[in-house]
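Colleague: After the structure tokens below, expect a handful of questions from me.
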Amino acid sequence: MARPTARKELIGQSSDPRVPVSMTVNGERVEREVSPRMLLSDFIRHELRLTGTHVGCEHGVCGCCTVIIDGKAGRSCLAFAVQADGADIRTIESVAAPDGSLHPVQQAFRECHGLQCGYCTPGFVMSIVDYLEDNPDPDLSEDAIREVLSGNLCRCTGYKNIVAAFRRSAELMRGSR
Amino acid sequence: MSAAVETGWIGRSLERREDARLLTGRGEYLADVRVSDCLHVCFVRSSHAHARIKDIRLDAALEIPGVVGAITGAELSREIQGQKIPVLIPAFPAKYRQYWPLAVDEVYWHGEPLAAIVAKDKYVAEDAAAAVEIDYEPLPVVTDAEVALREDSPRVYDDWDSNEIFGTSYTGGFEADQIAKNDAEVEALFAQADVVLRQRFRTQRCGVCPIETRGALAIWSETDGLTVHLTTQRPHIERLALADLLELSTAEVRVVAPRDQGGGFGVKAPFYREHVVVCHLARKLGRPVRWIETREEHLMTVSQERDQIHDLEIAADREGRILALRNRGIGDVGDGRQGVYWGFVMPSLGSVMLPNAYGIRHADIKLRCAVTNKACMSPSRSFGALPTRFALERGLDMLARKLGLETAALKRRNLVTEFPFISVTGVHHDSGNYVKAWDKLVESVDLPGFRALQEEARASGRYIGIGFACGAEFSGIPSDVLVPLENQPGYGVVTMRIDPRGKIAIHEGDAPQGQSHETTMAQVAADAFGIHPDDVSVRHGDTGTTPLSSGTIGARGASYTVAAIAEAAAALKAKMARYMIHDHGLEGATADDFSFRGGAVIYEKDGNIRREFAALADRIVMGSINLPAGEDPGLEHTAYFEAPKPMICFTAQAAKVEVDIETGQFTILDYATCEDVGTVINPIVVEGQVQGGVVQGMSNAMFEEFLYDENGQQLTADFENYRLASAADVPNVTVGHSPTPCPDHPLGVRAVGEGRPGPVPGALANAICDALAPFGVESTTLPLKPEMILALIEAGRAGNGG
Ligand code: FES
Ligand code: FES
């Protein structure tokens, strides 16, 4: 195997510069030094070890990596960690209550069988949590729901049960208000 | 032990065991496995579709800080075995070409890996991969299978006499004279037929790419050898292959398919080249090495199926009864070098499945598969059969139109009615009532009502249409088929263990990717033992702890693995009954005299004789004195299930669409199915499988298409250019049922995992053509893009004299 020569001390060390970032993730303040080109999705997954945020395309289409950034759902694969400096971020790990009881959106997915492999699920849950927080009385027509969900891809479910889970989420959240 | 539990767990829409972790971000997918000190691999891939590698210079890449090493194909080929090994080769004749996972002298498709970089993280590895300098000498490229099969075509492999990798006849027999005789008989039927339909059908290269890409994490230990976590549907086969390729003892190789995998759909079933490179590098460096595929890599190299052409001919009488079928298929298999399937097994099975569901008695079906300078075809759900299904279902609609018959009636007239039925290609249709399911579907869509509506709509310039299709696909694959097809066993197997507290552990050697095994298999075991599903755990995918099986493929879960669970449970229940007979002195009693319910084992002839299930388990496992004569202690059993012949699962599907004749856009108004899945273990899970499968078929039919330019450059390697259906693109699917329990399965189950996408393109295209019947539109290609539909409308208008 071809190996680097004459710089043994450097093997395994990247020369990328490091810059400090700090942000609030799931209510906790975190500070790290990272490469300026580290994606926010990698920062969340690798630096913070919050592996519930998934990566399906790394080019902004599938929606698996959706987190809530300063109160707005966004794709963490489309931002660098340094761009989120000072931001307030919520990931799937923060959605259930501290005692472990499921959030209404999670509950609805479970009741409606809105997931199979579960890989797309954190992205859907974060998108829907964000949407219903902003729109507590959403339009529950089939077309309107499908439009809201169209930013996330799922390969397993055929979406019908995710639409049902959206409806049920709205109902549960209204009930808990 | 849960007290006073209910029984009757089969047939309930139980919430899933998996969901608690998956919904809260605690899934255990490959990329979540964490080991310290792990290095990252990035593959250098060919930028040419066909070229000689003149030189590879790694110096600049090695200069980049953080790079640990680099390996080329030439070096690798001296260190490991080539991939043409028996465990990865089907048991029938074809041109199996030797190859190494990194190209050695020549590259054959855009995206073929030719070197690998190992670095501290993926960013550095990607930088270094980009810095590798390669001199290519371009060679002639062939990207069209029909062209490739011509005498004068450039050769993909210059030492082959032609580009044909595989070709065969599926009808008549194995000897040339038998085949010729059959062909002549079929020809005679064509000569006498009232009507003959001849049409070419073409399905585009597409597949069912999962949302989680592929990956591998290999760990080398001087004492234990190799442990590799892999995205795979068949961990045990991977293990055998890795041992052979790396020249390790199987004792030194453990493959772990992660507990959670983000979809597979066949895409994670082949043996891929990248896996072995990652393992070899981990061994060589003595450090953990990981590769997580990017979406671009994925779309360049895998998930590409369906690339087939069919020249179909149907001979029929005036009433639309099929007299004979003739088909000449062509499969475009890409480079044809990929373990297990070699690109051609899918089109081959597609030809076998072509006449399925219909009672066709005479046929002449042949297939030729060509290698081209494209990525190797890899399997996708509805394995090989979507293209032939499209051809037949579309062809029958065209036939109905020719005869002036209602297509639903014509198809019904031809369905298999007597079972078991062996198709002309030898597919055993075990049982069912296809006509009943068909009628139920046709009734559910109110065909007469729809025809009236259609008339009205046309009068006001709106074009709506209805289309039907059906499918009969394998519910698991018996050894009878799988051994010749893939050189692997078909049996279902589980090891079941009952512990002294009455908890049951099921170990299965398959590797599901979203099919809810942890829930449904627990339901089956709980039902058998009369305990609660929470007292049953299901573990899968780790070759270190599970019995060898061929993997989660071909709808094997609910069919074969569940059947093995039922058999293991029956064996352990019989053993527990024998202990009861012995302990309570019940001379003459048999296992049938005991019932397992409510967490207890009860002697039916005297209800006072009963033991708590857990207490009896404890007595047998821990209290190993005073044993019944000839009896072993312990409660563990490995059961193998084999169906004598294929079990089949039938689906009938109907689409209603509206087409805008100005734009060629269409809307799916309604989509309904009627399923014969036999006994249902968990209705909501079954329904989810059907909905998901149907929408995969819609997405394939409407949007997905891998495109290569004339130089073989892959143009669609991201989700913007290779488009998947979103929620807004598809309708609700209504799932109906017409169950007939499967007699060859101990619980009567038929599995739905494989076949649902297959009939969808035919149903949709039939609906569109029905809507556009006034223009004489007959679509024969996929995908169903508005431009294509508009062109057909315009051609129809011109043909009608405007
Ligand atoms: S991973 Fe970010 S959108 Fe796909
Ligand atoms: S549940 Fe598998 S991708 Fe959505």
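Chains as they are written, first to last, in our numbering: chain A, 354 to 530; chain B, 47 to 848.
Glycine is no exception: its CB is placed at the ideal position from the N, C-alpha and C atoms.
Considering only heavy atoms of ligand 1 and the C-beta of each residue, which residues fall inside 6 Å, strictly closer?
Modeller: Any residue whose Cβ sits closer than 6 Å to a heavy atom of ligand 1 makes the list: 408/A, 409/A, 410/A, 411/A, 413/A, 414/A, 415/A, 416/A, 417/A, 418/A, 428/A and 430/A.
Colleague: Any C-beta of chain B sitting closer than 9 Å to the C-beta of residue 374/A?
Modeller: No, residue 374/A does not count as interfacial toward chain B.
Colleague: Determine, using beta carbons only, whether residue 747/B and residue 806/B come nearer to each other than 9 Å.
Modeller: Yes, they are a contact pair.
Colleague: By the three-class DSSP mapping on this structure, what secondary structure does residue 266/B have?
Modeller: Looking at residue 266/B - three-state DSSP - the assignment turns out to be strand.
Colleague: Bridge partners of residue 357/B, per DSSP?
Modeller: Looking at the DSSP assignment, residue 357/B forms a beta bridge with 246/B and 374/B.
Colleague: Under 9 Å, do residue 785/B and residue 721/B count as touching if we go by C-beta distance?
Modeller: Yes, Cβ-Cβ distance for residue 785/B and residue 721/B is below 9 Å.
Colleague: Between which two residues does the beta strand (DSSP E) holding residue 163/B run?
Modeller: 159-165 is the span of the beta strand (DSSP E), which, as asked, contains residue 163/B.
Colleague: Please return the same chain residues whose Cβ sits closer than 6 Å to the Cβ of residue 20/B, not counting the five positions on each side in sequence.
Modeller: Only positions 47 to 848 of chain B appear in the structure, and residue 20/B is not among them; the question remains open.
Colleague: Select from 646/B, 577/B and 537/B the residue whose C-alpha is nearest the C-alpha of residue 600/B.
Modeller: Checking every option, the nearest Cα to that of residue 600/B belongs to 537/B.
Colleague: Residue range of the beta strand (DSSP E) that residue 555/B falls in?
Modeller: Counting along the chain, residue 555/B falls outside any beta strand (DSSP E), and DSSP gives it neither H nor E.
Colleague: List the DSSP bridge partners of residue 924/B.
Modeller: Residue 924/B lies beyond the range of chain B shown here (47 to 848); nothing can be said about it.
Colleague: For a test of your reading of the model: does the CB of residue 510/A fall under 8 Å from any non-hydrogen atom of ligand 2? Yes or no.
Modeller: True, at least one ligand heavy atom lies under 8 Å from that Cβ.
Colleague: In the segment 760-772 of chain B, which residues sit with their C-beta less than 7 Å from some C-beta in chain A, listed in chain order?
Modeller: Going along the segment 760-772 of chain B in chain order, one finds 764, 765, 766, 770 and 772 with a Cβ nearer than 7 Å to chain A.
Colleague: Determine whether the beta carbon atoms of residue 454/B and residue 245/B lie at a separation below 9 Å.
Modeller: It is not a contact, given that the beta carbons lie outside the stated cut-off.
Colleague: Under the rule that 16 or more other beta-carbon atoms within 10 Å means buried, what is residue 521/A, buried or exposed?
Modeller: With 16 or more other Cβ atoms within 10 Å, it is buried.
Colleague: What does the alpha-carbon distance come out to for the pair residue 698/B and residue 306/B?
Modeller: About 31 Å.
Colleague: Between the alpha carbons of residue 568/B and residue 695/B, how many angstroms are there, rounded?
Modeller: Taking the straight line joining both Cα atoms gives about 23 Å.
Colleague: Who are the Cβ neighbours of residue 574/B in its own chain at under 8 Å, not counting the five residues just before and after it?
Modeller: 611, 612, 615, 616, 619 and 642, listed in sequence order.
Colleague: Strictly under 9 Å for the Cβ-Cβ distance: is residue 108/B near chain A by that measure?
Modeller: Closer than 9 Å: yes.
Colleague: Under 8 Å: does the beta carbon of residue 473/A sit that close to some heavy atom of ligand 2?
Modeller: Flag set: Cβ of residue 473/A near ligand 2.
Colleague: For residue 486/A, does the three-state DSSP call read helix, strand or coil?
Modeller: Helix at residue 486/A.
Colleague: For residue 837/B and residue 828/B, what's the separation of their Cα atoms in angstroms?
Modeller: Going from the Cα of residue 837/B to the Cα of residue 828/B covers about 14 Å.
Colleague: Would you list, in sequence order, the uninterrupted beta strand (DSSP E) runs of no fewer than 3 residues that lie entirely inside the segment 415-484 of chain B?
Modeller: For the segment 415-484 of chain B, not a single whole beta strand (DSSP E) run of length 3 or above is found.
Colleague: Let me check you understand the geometry: is the CB of residue 481/A closer than 8 Å to at least one non-hydrogen atom of ligand 2?
Modeller: Checking every heavy atom of ligand 2 against the Cβ of residue 481/A, none is found closer than 8 Å.
Colleague: Output the distance between the C-alpha atoms of residue 706/B and residue 407/A, rounded to the nearest integer angstrom.
Modeller: Approximately 39 Å between the Cα atoms of the pair.
Colleague: Note down, in chain order, each residue of its chain lying with its Cβ closer than 6 Å to the Cβ of residue 190/B, except the 5 sequence neighbours on either side.
Modeller: Taken in chain order, the list of residues that qualify is empty.
Colleague: Give the C-beta separation of residue 317/B and residue 134/B to the nearest angstrom, bearing in mind that I take them to be a contact with Cβ-Cβ under 8 Å.
Modeller: Their Cβ separation, rounded to whole angstroms, is 5 Å, which keeps residue 317/B and residue 134/B in contact under 8 Å.
Colleague: With DSSP as the reference, please indicate the residues paired to residue 300/B in a beta bridge.
Modeller: Per DSSP, 273/B.
Colleague: On the three-pair Cβ rule with 8 Å, is the segment 476-487 of chain A touching the segment 508-526 of chain A?
Modeller: Yes: at least three Cβ pairs fall under 8 Å.
Colleague: Mind checking who residue 510/B pairs with in its DSSP beta bridge?
Modeller: For residue 510/B, which the question treats as bridged, DSSP gives the partners 704/B.
Colleague: Within 9 Å of any Cβ in chain B, is that where the Cβ of residue 378/A sits?
Modeller: It does not; no Cβ of chain B falls within 9 Å.
Colleague: By alpha-carbon positions, which one of 192/B, 201/B, 193/B and 115/B ends up nearest to residue 185/B?
Modeller: Nearest option by C-alpha distance: 201/B.
Colleague: Compare the C-beta of residue 361/A against all C-beta atoms of chain B and say whether one is closer than 9 Å.
Modeller: Any reading at residue 361/A must be qualified, since the residue scores a pLDDT of 49, below 50, and its modelled position is unreliable; the value itself is stated next. So, not an interface residue.
Colleague: Under the criterion of a Cβ to heavy atom distance below 8 Å, does residue 256/B qualify as lining ligand 2?
Modeller: Under cutoff, so the answer is yes.
Colleague: Is any heavy atom in ligand 2 found nearer than 8 Å to the beta carbon of residue 432/B?
Modeller: Not under cutoff, so the answer is no.
Colleague: Distance check for residue 578/B and residue 649/B, CA to CA, integer angstroms please.
Modeller: Going by the C-alpha atoms only, they are around 20 Å apart.
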